[in-house]
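Everything below concerns the one structure shown next.
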Amino acid sequence: MRTAAALGCATALGTSAAAAALLYALYRWRRAGGGPARPDPATRVSRRLQAEYGDLSQLVPQPVLQAAAGFNARLVEICRLHTADLPSYQRRVLDVLSGTGRVSLELSAQFEQVVGVEPDRDLLQHAQQLRQFGHCVYSFSEEGGPAAQPLIAKAAASTTGDRVEFWPEDPCRLPSDFSQFGCVLVADTLTGLGSPVAFLTSVHRYIVPDGCLVIASSYDWANSGLDQREWLCGAEDESTFYALQTLLEAHFDCVAANERLCRLQPLTLRTYTLSLPEVRCLSGVASMTESRSRMASGSSREFAPPPPSKRPRLLSEPGDGDDPLSAVYARALLGCLCDTEEAQLAAVPAALDDGEPRRQLLALSCVQLLQQAAQQQLQAGTMCERLQEGVCSPAELTPSEPLLALLARDSPLLSCAAGRCLTLSALLVTPERAQPVVEALVAAVLDSERPLEECRAVSVAADPESLAELKCAITAQLENRWIPITQRFCRLLARPEHETEVLAFLRLWATVISVKNNMSIAETKSLYARLEWLLSSLGNDASPHVWRAVLDLYSEVLCYGSTIALQDCVAEEPAGLAHALLRQARTGRLLELVPYERGVRAFAGTDGEAAGDRPLLQKTVLLVLKALAVTVKETRCDSSSDASARSAGGSGSEEQDMVIIERTLREVVRRLDCWIKARLDFHPETPMSEWVVVLLCDQDDYLVEAMLCMLDLSNGLAGRVRLPQDFERAICPHRSFVQFLETVRRDHDLLLDFLVSNETCFLLYLLRYLKAARRSWPRLVAVCGPRMEEVMAVLIRLRLSLERLVARDLFPYNVAPLLKLLEKCEELHEHNGQPEPGPS
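Everything in the sequence shown is counted per the UniProt record's numbering, starting at 1 for the first residue and increasing by one.
Given below as structure tokens:
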């Protein structure tokens, strides 16, 4: 049998370049015989893992092993050489049909970013495990029969998993706005594509000018599983190499090269196939010799075909000869046991009792994956029925006795894995079943700590300066790529298949600009850009999880209680975001698009309220209140800075501006009030200042910050513009304070807890409120009415408790200013709103 081969690298044409480069490569084993039957998914995955990660040093003769060992390294070197002249931000690689990710992970050592696209979910799950954890467990047939040996695939230590992403995309159907790369690598996967012609005619769209395309293939169409009409060598006198030149010559030029590559393909642990192609390419005209197929161990068994050309089902149904434990492991990765047979489930506790460590480790991995999936589904509110029966109730999947026995084993791997399973089990089962598990875990921890009594420990401390330098360096790296990254993720906001990546990116964004990061806005100024893009990209089809992450990010920018409320002036970036939010809220777009009805429901429901995502509602209300307070604070800062100009030219323009601003704020408050009352059972006459306290009463930090926002909103508008009565009631701080006291049942001890805790800004709020109460005492008396005595009783008891703690030197900070304000309020109350006359 004859095989044509070529090794190559192609460079995409630039806007002014006439041609670029394409270098073709052939590598792959052939056998002398007919095409093999297509293996089942489990066999396909195990063969791919064994080919890419298997330890062949004791199985294959050294000369053959040395010849095939450098296959991946040579491909990485070719990609590196032909992208060396590209700027760093363009040194990104797209790995087509990345499989289990071996080539992608090795590319990460040389490139800034590697994206592997693989529609086969079975292969993709193992690639994700190797990227995140550096290893995964699989089973591989020893002689081709049902008996399989468990093995561990380990990624190379030089790989950088943070630079690698794996996407479940079909390379032949990539979106038109897909990102561009400096290099596209087709590593022995050309015949595995569903439509090679469609891919080759569109691949130039995804390559930057002067980028490269690297193709390595044996052109083994007979074993590809494709319809013959999809083959590139359709005619008898037409080779694949000629067809490639015809398809790519409009955008690529061939580069001459001589290359010899070889690669091993495992069939069993004892049988491998080997191909040794000889390639010669000169000025776009290739002289190709025959490729002589040989067997590494003399066997004539069939070799595994390439990955499937179409996306398979998520569930791979194992045959009768498959390992039941491996089948459960595959189902555990999916978090569902619905189609799993009882005999397969029974293999898990049987393996735990087995004395073979590899089987026990695989069984522990199954249990841990199932427990983690149960936890996630429990939080989401819906759970696979079989998973609930097997993990959360007294069932055979998580027996305590074998796990406790493994916990006491000398093997660190088995003991650690068993401890994790027992810990997760204690969180999922009933308290009665969890009690002995917890006692055993505590005893195991205490026993493990006893040898540490002889340890000679030294005091160490982290260097804050080095940590600050590291933060600045990371931020600087992010700044260089922030705009293209933001553009890309904005396009993915409404795509459910990319929800995990989007949520991770939004968490990263919020962490970088968080006030807890101790970095100023000036140091992270570029990371505040494009915040409005998220708002314009969100829609009804966006997930509630994505909405919550975006709202958390915006709340972190508008960190009112911890930062903005204490500043003299508002920075440009938070002010700009506040303006954008108010514009969207005034038109109704922001509020109407919030997926409240599609959010997470409580298990038991809520009496008298429509089912919906209450936390999402709380985040939205708090964010709008923050935007209102930031806008008013910004106007006060502007008016203070321009005081001299206004005194010289009059204040007419300021009054006109304030009237416009007041009208905008009033419209936003009206829309927010209507939006809440349409979803929750509040009386139509209940003002916003009261229902906000009721809505947020179960979130202390939200509640205190919302009351501070309404207080500053009222103080910022007071005396500057005449407020309509309904708007004044909606933002009245006295109504909020009285409702707050009702919520805490007028318990002064709870107010004391708020003052001691550092989780809220209650001290700042109470100081500002008591000052506002002194200035508008008659208004407070009018709002309280007959409840005024109850309000003052709470404040008086609070003052007495504070004085006792201060006298014993038990209060954590200086509370003298607060005590003075409480005393002043008592004087006003005793003298009917008139302060006690001082000495003349």
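Glycine included, C-beta positions come from ideal geometry on N, C-alpha and C.
On a predicted model such as this, the values are computed, not experimentally measured, just so you know.
Q) Which word fits D568, buried or exposed, when buried means at least 16 other C-beta atoms lie within 10 angstroms of its C-beta? A) exposed
Q) What's the gap between the Cα of E356 and the Cα of L151? A) 13 Å
Q.
According to DSSP, V117 sits in a beta bridge with which residue or residues?
A. V96, W167
Q: Under 7 Å Cβ to Cβ from S195, same chain only, skipping five residues before and after it: list those, please.
A: C172, E230
Q) Rounded to a whole number of angstroms, what is the C-alpha to C-alpha distance between K516 and L49? A) 43 Å
Q | Inter-residue spacing [alpha-carbon to alpha-carbon] between L591 and L672 | A | 8 Å
Q. If you draw a straight line from the alpha carbon of E823 to that of S520, how long is it in whole angstroms?
A. 38 Å
**Q.** Own chain residues within Cβ distance below 6 Å of L387, not counting five before or after
**A.** L337, A374
Q) Quick one: what's S139 bridged to in DSSP? A) P150
(Q) To test your reading of the DSSP string, which unbroken alpha helix (DSSP H) runs of 4 or more residues are found completely within the stretch 334-421? (A) 342-353, 357-380, 400-407
Q. Mind checking whether S104 and D95 have CB atoms under 8 Å apart?
A. yes
Q. T240 and Y206 look like a contact to me (Cβ under 8 Å); what is the Cβ gap, rounded to whole Å?
A. Not a contact, Cβ separation roughly 22 Å.
Q: Note down, in chain order, each residue of its chain lying with its Cβ closer than 8 Å to the Cβ of E803, except the 5 sequence neighbours on either side.
A: L819
Q. Between which two residues does the alpha helix (DSSP H) containing V721 stretch?
A. Careful: V721 lies outside any alpha helix (DSSP H) and carries neither H nor E.
(Q) With three or more C-beta pairs closer than 8 Å as the rule, is the stretch 134-142 touching the stretch 114-124? (A) no
Q.
Considering just the uninterrupted stretch of the alpha helix (DSSP H) at Y765, what are its terminal residues?
A. 762-775
Q. What separation, rounded to the nearest whole angstrom, lies between the Cα atoms of C784 and L795?
A. 14 Å
Q: Would you mind working out which of T511, T201, S425, A187 sits nearest Q245, comparing C-alpha positions?
A: T201
Q: Could you say which of L577, A549, F505, R589 lies nearest to N540 if we only look at CA atoms?
A: R589
Q. Who pairs with F181 in a beta bridge, going by DSSP?
A. I207
Q. What number of angstroms, rounded off, separates the C-alpha of A476 from the C-alpha of A510?
A. 16 Å
(Q) At the level of alpha carbons, what is the spacing between L821 and P615? (A) 35 Å
Q. Quick one: what's got a C-beta closer than 7 Å to A434's C-beta in the same chain, skipping five residues either side?
A. A426
Q. When DSSP labels each residue in this structure, what does S537 get in the three-state scheme?
A. helix
(Q) Alpha carbons only, please: which of L493, L751, S98, D809 is nearest the one belonging to A793? (A) L751
Q) How about the stretch 712-727 and the stretch 656-667: do they share at least three Cβ pairs that are nearer than 8 Å? A) yes
Q. So, is C825 buried or exposed, given that buried needs 16 or more other C-beta atoms within 10 angstroms?
A. buried
**Q.** Contact belief for T213 with V203 at Cβ below 8 Å, rounded distance in angstroms
**A.** In the sequence as presented, Thr is not what sits at residue 213; that position holds Leu. Right, their Cβ atoms sit about 6 Å apart.
Q.
Taking the alpha helix (DSSP H) that M792 belongs to, which residues open and close that run?
A. 788-807
Q) Excluding sequence positions up to five away, which residues of its chain have a Cβ less than 6 Å from the Cβ of A627? A) A578, L581, L582
Q: Within 10 angstroms of the Cβ of V164, are there 16 or more other Cβ atoms? Answer buried if so, exposed if not.
A: buried
Q) With DSSP run on the structure shown, which of helix, strand or coil describes Y596? A) coil
Q: Taking D712 as the reference, give the member of R670, R679, C233, R636 with the closest Cα.
A: R636
**Q.** residue 842 vs V186 beta-carbon contact at 8 Å
**A.** Here the chain covers residues 1 to 840 and nothing more, so residue 842 does not appear.
Q: Taking N825 as part of the alpha helix (DSSP H), name the residues at either end of that continuous run.
A: It is worth fixing the name first, because residue 825 is Cys in this sequence and not Asn. First-last of the alpha helix (DSSP H) with C825: 816-830.
**Q.** Proximal residues to E597 (C-beta, below 7 Å), its chain only, five neighbours per side dropped
**A.** G612
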